[in-house]
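2 protein chains.
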Amino acid sequence: MLDALFKPKAVALVGASTKELSIGNVIIRNLQKYGYKGEIYPVNAKAAEVCGLKAYPTLADIPGEVDLAHIIIPSQFVPDAIEECGKKGIKAVIINSAGFSEMGEEGARLQEEFLANARKYGIRLFGPNCQGIINSDPELNAYCNFTFTFPKPGSISVVALSGGVGALIMQVLDDLDIGQRLYASNGNACDVSIPEIIEYYGEDEGTKAIILYTEGFDKPREFLEVARKVTAKKPVLAMKAGRTEEGAKAASSHTGSLAGVDIATELIFEKIGVLPFHDEGEIVRAAMAFSSQPIPKGNRAGIITNTGGPAVIATDVLVGFGIEVPKLCEASIARLQETQFPQAALENPIDVVATAGGPQFRAALDVLIDDEQIDCIYINFVTAPFTDTDAVAREIVAVSQQRRKPLVCNFMTNLKLERYQKTTAILKAGEVPCYANPGDAARALGALVQYGRIQQRDIGAPQIFSNTDPAAAKAIIEQAGQAGREVLSAFEVYRIFEAYGIPVAPWQVVETAKAAVAAAEQIGYPVVVKVDCAEIDHKSDMGGVAINLKDAAAVRATVEEMQNRLGNYGKLGYLLQKFLPGGRELIIGASAERELGHLVMFGLGGIYVEVLKDVVFKVAPVTRVEAEEMLAGIKTAALLDGVRGEAGIDKQAVIELIQRVSQLLGDLPMIEEMDLNPIMAFADKAFAVDGRIRIQLEN
Amino acid sequence: MLDALFKPKAVALVGASTKELSIGNVIIRNLQKYGYKGEIYPVNAKAAEVCGLKAYPTLADIPGEVDLAHIIIPSQFVPDAIEECGKKGIKAVIINSAGFSEMGEEGARLQEEFLANARKYGIRLFGPNCQGIINSDPELNAYCNFTFTFPKPGSISVVALSGGVGALIMQVLDDLDIGQRLYASNGNACDVSIPEIIEYYGEDEGTKAIILYTEGFDKPREFLEVARKVTAKKPVLAMKAGRTEEGAKAASSHTGSLAGVDIATELIFEKIGVLPFHDEGEIVRAAMAFSSQPIPKGNRAGIITNTGGPAVIATDVLVGFGIEVPKLCEASIARLQETQFPQAALENPIDVVATAGGPQFRAALDVLIDDEQIDCIYINFVTAPFTDTDAVAREIVAVSQQRRKPLVCNFMTNLKLERYQKTTAILKAGEVPCYANPGDAARALGALVQYGRIQQRDIGAPQIFSNTDPAAAKAIIEQAGQAGREVLSAFEVYRIFEAYGIPVAPWQVVETAKAAVAAAEQIGYPVVVKVDCAEIDHKSDMGGVAINLKDAAAVRATVEEMQNRLGNYGKLGYLLQKFLPGGRELIIGASAERELGHLVMFGLGGIYVEVLKDVVFKVAPVTRVEAEEMLAGIKTAALLDGVRGEAGIDKQAVIELIQRVSQLLGDLPMIEEMDLNPIMAFADKAFAVDGRIRIQLEN
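Chains as they are written, first to last, in this note's numbering: chain S, 3 to 701; chain H, 3 to 701.
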């Protein structure tokens, strides 16, 4: 599908320029410098030659077939240029020019116009307002971009919303001497989207791992569905910027497309097994490890060091990733005793001491490779002046190339010294992931372990509960919608909950004091009375809730008093409910996210949600495994098991409740916001005792 | 004092070696290569010449005066060598040799022996088992070390417990092209200590900032007192490794001196204004900013960028440091409008766009320099191929050199291209702190802002409350100590609290049911009864606490029942206390830390301390400002102000309580552990309602 874009046999440049340092000149020079194997056709009405190549007045004048064109001309001429591309039979176009949807109405109109032209001819558009693509395949060497980094061939492919960050990632990879495969930064992304590019990378055999930089997605559900398939095949390492209010504002200012902090993107990453990063340096250094090392089967690291302090730093960082640094078994220690210097520390970290040479390093490596209690290896290697550092490097390479267990190396040296340049070259040629300090190396190993964990996690499919009545729930919502009511009444909310088997405290809605007493008798004392009135939103603050009413007199007095005090707000109903004290207050919430579906939230109620903000979100539909993760994921999870002699709560009931809420949301996409707050959870059951649903009214 | 060590006029090497790559050879070559201006005297019994220098059979044979000697011989010969140093009049000795306290008893004995010899002659010892020192002063060029990095002169001085980390820091500084002043890594540190070195750096005029790496201190109080004076004069940037249990174990394995996670070191940093780091890369990159930039007066950053995404990343990171990215004032925006390209975004971040040249960058920089709402400047500068990047660099340098506001630059370029090497050289020569990615640059600016905050913080002196009775408290403890009791009785604890004006709920200790009733009548109902018996440690778990007793009958019955049930444990007393329900449970704790004094802990009681571990520690003595910080520092601080309609607590009372506890601890160093748990805090008062004191018995 995107082959014309990523594997062009001939590239035309509409707006090719003889002016040095102009984009229409830089791209041609880049193609030439990178050794592009296809034809390059500059299009320029005035010049006969551009960058030493014959130039053509128009696309139509080009003799051969062209599959990809760059367009580098003022925005108002782009629609016509696309028309000409169509006539020439061009299949893909990179529009480098800016001045479209990012620049207001007139630009947006132009964008619509050229899009229509493209559709007419079946042209795929990349951009506008973008860099372009790179394909490092030595058979092709396509550098259709105006950036200044020339990646060597490799297996890491990069896609970035921001050209600046894309170029940065490419540069840092290159600085680290890591090969790259495909690169794409598609600016306004009016047609070819990031999900499509991810899908293409997923199918590209040369791509072993993918780096994604984004500030959010226009169509998050599309990304979720596409990337889910890709993550099943290869690692996707991703960074989402704009995590803070201010960052999101900065993002919105340069892309014009998003506003507000978007937590959904990171939740999608989690759901589908994308490895998340918060630091652009870290993602690239992790990619180095992914490009040559296997994925660890577990989280137990063995450390080999020839200097003390860096092992301490590495241990701190590894532990922060949930990595264990276990004791070595006796057999391993015995083997070390035979091979290491007397001053060596035969523990984990293994301190082979600064005088250790190739044999000592190799023996220690072999021990860790063979030890079944160890899943991955971290090495500190300082080029001590009194040892054969080349020999050490050769042994590390040999063990790395066995690909039995992943290893990373914190390689501490002075590259200005010729002697160590050689050592460095040995490690690089052997594709050992080397880092300049212990923290960086440990974080790269941490990423490998984290990904191993992601690979092993199976969230399963969402459970479908059959004893539900979606039609009844839908009818209630439609009725409210037709009446123009955004916020549903308590009666409607509880009926919907019941339609999905969500346990609620026994309840009735009545309109008079007399009926209230009758209802209370039926429910059984003690009861709660809550006023139910469309005009009263915060009934608690308005004195519209009375708890623990123990007899008929109390119920009657309460209802009459509320009627007197609140009757002027509108027609009052009264919700009577069984009063259920002594449980643990929980909260489940849901909100619709633009173009994605619902997010589901779980937490402890009261101060835990209000003061501690101790809640966990998931993207619906929520599977059983995810619901379990939600309960385990709050900081105060221990409270669910009971502390200080209190009984724990019925977690299975809550897990089922979350799943039923999720199913309800899937069936009822018109729900904008919903909460079950509080849920009262006991040792053997859990009930929603209050709920709220707000729906999206159709315009 | 340490001038002989750091400014040696002549260096002798006992153990100078003709064998290449041996330490006794490498150090001489390093001195030569670095251009040492003093005399170098190899001492070697067999060789006439070492590294082209005349060698002497013994120290006594050296004709000239020597102030510093390296000792690089097997450990058993070191004591005699020190004796000879003494006779020669040598003032400081670096013992590179290993095999002492880190290697068990025999080594420790040798260490004692040579230390005695050193004391006899007033020699200061550096090491053993260490690297040495470097002084980059071009008048001296002393490289008394076997490492392989040759720092250029500068103003950053480094001291590291671990030679490996010290060398790493030196290397990374050098890779970043940052000049260095003094370097020291003193291994076993049997004499010259890290605090002494810090003090020396503090007095060294050429040192503008200090980097410290440690895994803890043998004498933390000495460090605290010394470094406190230094931080008043210049920034101390410090990293403490061994933060995790496993990391501490690794540290203990290579230094042999520490065990267990030590939180005290970071608390000392906080107390005296050392800037703390958790990443060795970050500390060095921060040092680059400190070496050339002023300290910001506030936390408001202006961002200039010529590419979108990196500004988003930077904003996220800056916000994480508590830095604001405020809107620009209208005057600033108007000035930008006059000077920037039409496509530029005139907000904060200011996107000058990729085509911006020197004039656009300079104009934007001038606006931020002049804007009083901005305290510091962050720049993203990607070397766009279509602009004069040298001109941009020159403008950044010019503004940086005004030293009006600190700036950092994320400089994104390809150093392989000659064109950009020139741009890079301009920035480096101008001492602009440049980083390879936005996160790194933003964190460096974050460190500057954080330090500005530290500089402005004044914790004041500890308040001394005069209405206290230390003699009475001391007498109680001495009596318990003489009786061999580690854990004080309730009676003793409350008496000590009272001696320090710590409010306790009204109480009496009695021995019979009859006396209990009389006491309860005096205290006023309701009361609590707690059994008081040296043999019963966890009285709650044993059923030794009864709350909310409302009349004489209840008190009598309770005491009689406890006597029957628990009487066989030993002689029982009964503590009667006013029952004070409905307050907020707090906890204040204290523990003695080896060689430091006490740590004081504050938190909310119950699940907040047990499940959430939401507590704050400070090193005693705790000042009023620190006590206020403790209350504000817990995650659940909002609960102290009252939530959900509850009243807040009397914070002033709790702040005073903490200070009184601190004064008590200062007077009574023999207290090992103490807690006031719970304290019941109300809107207008706070009482300790239970307390526990454990003392250190003299052996």
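All residues carry an ideal CB built from backbone N, CA and C; glycine is no exception. Quantities reported herein were computed from a predicted structural model and do not represent experimental measurements.
Within the same chain, Pro197, Phe219 come within 6 Å of Phe225/S by CB-CB distance, once the 5 residues on both sides are set aside. Scanning its chain for C-beta atoms nearer than 7 Å, with the 5 sequence neighbours on each side dropped, one finds around Ala186/H the residues Ile135, Val161, Ile199, in chain order. In its chain, beyond the 5 residues on either side, Gly545 have a beta carbon closer than 8 Å to the beta carbon of Arg567/S. Here DSSP, grouped into helix, strand and coil, assigns Asn137/H to strand. Under DSSP, Phe604/S shares a beta bridge with Ile590/S, Val618/S. For Asp377/S, the closest C-alpha among the options Ala475/S, Asn308/S, Val451/S, Ile75/S is that of Val451/S. Under the three-state reduction of DSSP, Asp353/H is assigned to strand.
Shown here for Glu488/H: same chain residues with a beta carbon closer than 7 Å to its own, the five before and five after excluded, namely Arg696, Ile697, Leu699 in chain order.
The beta carbon of Gln423/S sits no closer than 8 Å to any beta carbon of chain H. Under the three-state reduction of DSSP output, Leu490/S falls in the coil class, being neither helix nor strand. Comparing alpha-carbon positions, the option among Gln465/S, Glu268/S, Ala240/S lying closest to Ile285/S turns out to be Ala240/S. In the structure shown, Pro344/H adopts coil according to DSSP, grouped into three states. Bounds of the beta strand (DSSP E) holding Val533/S are 529-534. Take the alpha-carbon of Lys90/S and the one of Gln404/S: they are about 52 Å apart. Approximately 5 Å separates the beta-carbon atoms of Ala507/S and Val691/S; this is inside 8 Å, confirming the contact. Beta-bridge partners assigned by DSSP to Gln524/H: none are found. With respect to the 8 Å criterion, Pro408/H and Pro298/H are classified as neighbours on the basis of their beta carbons.
In this structure Leu33/S does not touch Ile25/S by the C-beta definition: roughly 13 Å separates them, more than the 8 Å allowed. Among the residues facing chain H, Asp677/S is not included, as its CB has no counterpart in that chain under 8 Å away.
The stretch 48-119 of chain S is shown to contain whole beta strand (DSSP E) runs of 3 or more residues at 70-73, 94-97, in chain order. Put simply, the CB of Phe388/S is near chain H, with a gap under 8 Å to one of its CB atoms. Taking Thr391/S as the centre and dropping the five residues before and after it, the same chain places the C-beta of Thr385, Tyr422, Thr425 closer than 7 Å to its C-beta, in chain order. If you look at Met676/S, you'll find it in the beta strand (DSSP E) that goes 673-683. Only those residues of the stretch 17-39 of chain S whose C-beta falls short of 7 Å from the nearest C-beta of chain H are listed: Leu23, Ser24, Ile25, Val28. Around the beta carbon of Ser334/S, 16 or more other beta carbons lie within 10 angstroms, which makes this residue buried. With a beta-carbon spacing of about 19 Å, Cys411/S and Pro387/S fall beyond the 8 Å limit used to define contacts. When the alpha-carbon of Ile125/S is set against those of Gln133/S, Glu85/S, Arg31/S, Ala683/S, the nearest one is in Glu85/S. For Met172/S, the uninterrupted alpha helix (DSSP H) run begins and ends at 165-177, by DSSP. Val624/S is the residue among Leu163/S, Val656/S, Val624/S whose C-alpha sits nearest the C-alpha of Ile270/S. Between Glu107/S and Ile75/S, the alpha-carbon positions lie close to 19 Å from each other. Contact annotation: the stretch 144-164 of chain S touches the stretch 175-186 of chain S, with at least three C-beta pairs closer than 8 Å.
Residue pairing from DSSP places Glu41/S in a beta bridge opposite Ala12/S. Contact between Ile73/S and Ile97/S holds, since their C-beta atoms are separated by about 5 Å, short of 8 Å. In the DSSP annotation of this structure, the continuous segment of the beta strand (DSSP E) that includes Phe279/H starts and ends at 277-279. DSSP places Lys235/S outside any alpha helix (DSSP H), giving it a letter other than H or E.
With a threshold of 16 other beta carbon atoms within 10 Å, Phe128/H meets it and is buried.
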